[in-house]
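Asks: Residue numbers (our numbering), protein chains in the order written: chain L, 1 to 311; chain V, 1001 to 1311. All residues carry an ideal CB built from backbone N, CA and C; glycine is no exception. All values reported here derive from a predicted model rather than from experimental measurement.
(1) For residue 1202 of chain V, would you say it is in contact with chain L, using Cβ-to-Cβ distances shorter than 7 Å as the test?
(2) Exposed or buried, which one is residue 190 of chain L when buried takes at least 16 other CB atoms within 10 Å?
(3) May I ask you to report which of helix, strand or coil DSSP gives residue 1 of chain L?
(4) Are the C-beta of residue 1312 of chain V and some C-beta of chain L separated by less than 7 Å?
(5) Give me the Cα-Cα distance between residue 997 of chain V and residue 170 of chain L, rounded to the nearest whole angstrom.
(6) For the beta strand (DSSP E) containing residue 1037 of chain V, list its first residue and its last residue.
(7) Name the chain V residues whose beta carbon is nearer than 7 Å to that of residue 198 of chain L?
(8) Just to confirm, is the Cβ distance from residue 300 of chain L to residue 278 of chain L under 7 Å?
(9) Strictly below 9 Å CB to CB, what residues from chain L border residue 1158 of chain V?
(10) Run through chain L and tell me which residues come within less than 9 Å of residue 1020 of chain V, C-beta to C-beta.
(11) Check whether chain V comes within 7 Å of residue 165 of chain L, counting only Cβ atoms and requiring the distance to be less than that.
(12) Can you give me the C-alpha to C-alpha distance between residue 1080 of chain V and residue 1067 of chain V, rounded to a whole angstrom?
(13) Provide the residue span of the alpha helix (DSSP H) that contains residue 1121 of chain V, from first to last.
(14) Threshold first: 3 residues or longer. Then list the beta strand (DSSP E) segments lying entirely within the segment 45-91 of chain L, N to C.
(15) Based on the DSSP output, what are the partners of residue 1175 of chain V in its beta bridges?
(16) What ranges does the beta strand (DSSP E) occupy inside the segment 1178-1213 of chain V, keeping only unbroken runs of at least 3 residues that lie completely in it?
(17) Counting only C-beta atoms, is residue 956 of chain V closer than 7 Å to chain L at any point?
(18) The beta strand (DSSP E) with residue 1012 of chain V in it runs from where to where?
(19) Using the three-state DSSP reduction, which class does residue 1310 of chain V fall into: helix, strand or coil?
(20) Starting from residue 1163 of chain V, trace the beta strand (DSSP E) in both directions and tell me its first and last residue.
(21) Would you kindly check if the distance between the Cβ of residue 1157 of chain V and the Cβ of residue 17 of chain L is under 7 Å?
(22) Which value, in whole angstroms, describes the spacing of the CA atoms of residue 1089 of chain V and residue 1007 of chain V?
(23) Just verifying my parser: in three-state terms, what is the DSSP assignment at residue 1158 of chain V?
(24) Would residue 306 of chain L be called buried (16 or more neighbouring beta carbons within 10 Å of its own) or exposed?
(25) In chain L, what lies closer than 9 Å to residue 1153 of chain V by C-beta?
(26) Please list, in chain order, all residues of the same chain as residue 1001 of chain V whose beta carbon is under 8 Å from its beta carbon, the five residues on each side excluded.
(27) Tell me, to the nearest whole angstrom, how far the beta carbon of residue 282 of chain L is from that of residue 97 of chain L; I am working on the premise that it is less than 8 Å.
(28) Thinking C-beta only, is residue 250 of chain L closer than 7 Å to residue 272 of chain L?
(29) Is residue 69 of chain L near residue 129 of chain L, with beta carbons less than 7 Å apart?
(30) Taking 7 Å as the threshold (beta carbon to beta carbon), is residue 9 of chain L in contact with chain V?
(31) Counting contacts by CB-CB distance shorter than 7 Å, is residue 39 of chain L in contact with chain V?
(32) Does the Cβ of residue 1138 of chain V have 16 or more other Cβ atoms within 10 Å, making it buried, or fewer, making it exposed?
(33) Excluding sequence positions up to five away, which residues of its chain have a Cβ less than 6 Å from the Cβ of residue 202 of chain L?
(34) Who are the neighbours of residue 214 of chain L on chain V, taking C-beta pairs under 9 Å?
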């Protein structure tokens, strides 16, 4: 019996990405979660260790995002009888709007698949990771799970069937994310959203998404800059994030392409056409929250092209 | 003084095109409108002849779509003092949902520009054609004007600034259109639309548009077929068009990629991956309306790549 085990990493991701509420997301290089799995004699999946979660994550696999993703994967490949130990090392914040539960779920499904020598493709793992994430988020939209698993910038054309597509990436595209250490629960961020929107806003925002997609396919930075905006969700959620508009203005002032809320917040993301601007955006973000005396963490990262990986 | 004049043709177009309400449209090869302009001694623009309009179009240039488009173009190029005669030959039905007013407006602007040896580009003519079309439609969305002027399948990413983009076209893509001879006024078709839509429908329809755009850029017919649908406008307007769902089912049964309402209706369009299927769709459409004893006209056409042309 091999006791060394398999270690996988699944990255954080930016869901919604301004133009595609519940449908567009991209992965970051860091932060992310690590999961280690190994065989053991006693049958069944057991979570034996969780670090970095401040006691907030359940050890019961059926109640744990990574556990559920792992169990559903085991069922799919017909290996539920096997004895497996799982260690979960949270290396990113909860409730940050950076796809923390998606990263854990992706890592859970990925770890099992790697332990059994890649029985299925990463894409086939998506439904199992989705079922894991659902435990935490309540919703079923793959704008975090799909990029965390597959890497790149992913358009989810159909959530129910998980019809996901990776967009061609502009060279140099860089993300800056700031996580201000304030608490927003995804469910609260959902509940403040109006169930209906004006038809006019639908037309405008659909066209923004179209402009963004055309820009990505053409490699047209001007188009990306023009259309990276959200006229529907951001105006409703911005109030939940202290100093959001100040941070956004600071990012735009130093040359970001666009800036909006990452997932349900409170993290804020900006995209920039190169890494130098992305670093400037990081400094600009920091100044805002340092002045406001709000603790924060900044990540500057290219778009992650690989998604979840075996370490 | 050259008395022979300049003749231009501007084609009909399918606005909305299922996935892009007010923002996506494509041009047909036929039908369309013809406008003839020539210099004369008496200063000012005069509409001297209108055919094919059953007396429904005004001769006052400021009240006529083609006239307004021509006048605004003349102002832009600084030639308002010139004496010009205009003949308008409507060769397509009014109120059909095929961009009849857009075609006239485009032809009006185009004719003037050709008469003065192309002072500006076709794209620069768009705002003047838009102002012409506005007289008839009341709205300001370029999903008919832009394809009628420029040809191809056009995504209007921003209506106010007329930021329009031509999508790469799939080889063989063919349109079938049936115009059942029933009357729907654009303003009525607008007024039955709800001002608000469910957020869920926005998410779903935006993703349909995204799937369609990705399909066009990749040349992926399966994607096009999957996402050519409208879950917002079609369900509201279908009731205005007798036998709409029957016609749609008939089109889908013979292999159309998708089928929906052209513009504000009553015309119905289908797109097919080749001309043979498009012809079958035409026959299927005809059977439905022949059985229903409703007069109709069918057009089978490739996507028009050129838009308005000098004849």
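Replies: In terms of the structure at hand:
(1) yes
(2) exposed
(3) Bear in mind that a pLDDT of 47 at residue 1 of chain L, under 50, signals an unreliable position, so the model cannot answer this.
(4) This structure leaves residue 1312 of chain V out entirely; chain V is present only between 1001 and 1311.
(5) Chain V is shown only over 1001 to 1311; residue 997 of chain V falls outside these bounds and no answer can be derived.
(6) For residue 1037 of chain V, the enclosing beta strand (DSSP E) has its first and last residue at 1024-1039.
(7) Those within 7 Å of residue 198 of chain L in chain V are 1195, 1196.
(8) yes
(9) Listed along chain L, the residues sitting closer than 9 Å to residue 1158 of chain V by beta-carbon distance are 204, 207, 208, 211, 226, 227.
(10) 203, 206, 207, 210
(11) yes
(12) 12 Å
(13) First-last for residue 1121 of chain V: undefined, no H or E at that position.
(14) 83-89
(15) V/1271, V/1301
(16) 1196-1198
(17) In the structure as shown, chain V begins at 1001 and stops at 1311. Residue 956 of chain V is therefore absent and cannot be evaluated.
(18) 1006-1015
(19) Residue state, collapsed to three classes: strand.
(20) 1163-1166
(21) no
(22) C-alpha of residue 1089 of chain V to C-alpha of residue 1007 of chain V: approximately 10 Å in a straight line.
(23) strand
(24) exposed
(25) The premise fails here: residue 1153 of chain V is roughly 12 Å from chain L at the closest Cβ pair, so nothing lies under 9 Å.
(26) With a pLDDT of 47 at residue 1001 of chain V, under the threshold of 50, the predicted position of this residue should be treated as unreliable, though the coordinate-derived value follows. Only 1039, 1040, 1041 meet the Cβ criterion.
(27) Between residue 97 of chain L and residue 282 of chain L the Cβ distance is about 17 Å, and since that is not below 8 Å, they are no contact.
(28) no
(29) yes
(30) No, because no Cβ of chain V sits closer than 7 Å to the Cβ of residue 9 of chain L.
(31) no
(32) exposed
(33) Excluding positions up to five away in sequence, the list is empty.
(34) 1155, 1157, 1165, 1167, 1213, 1217
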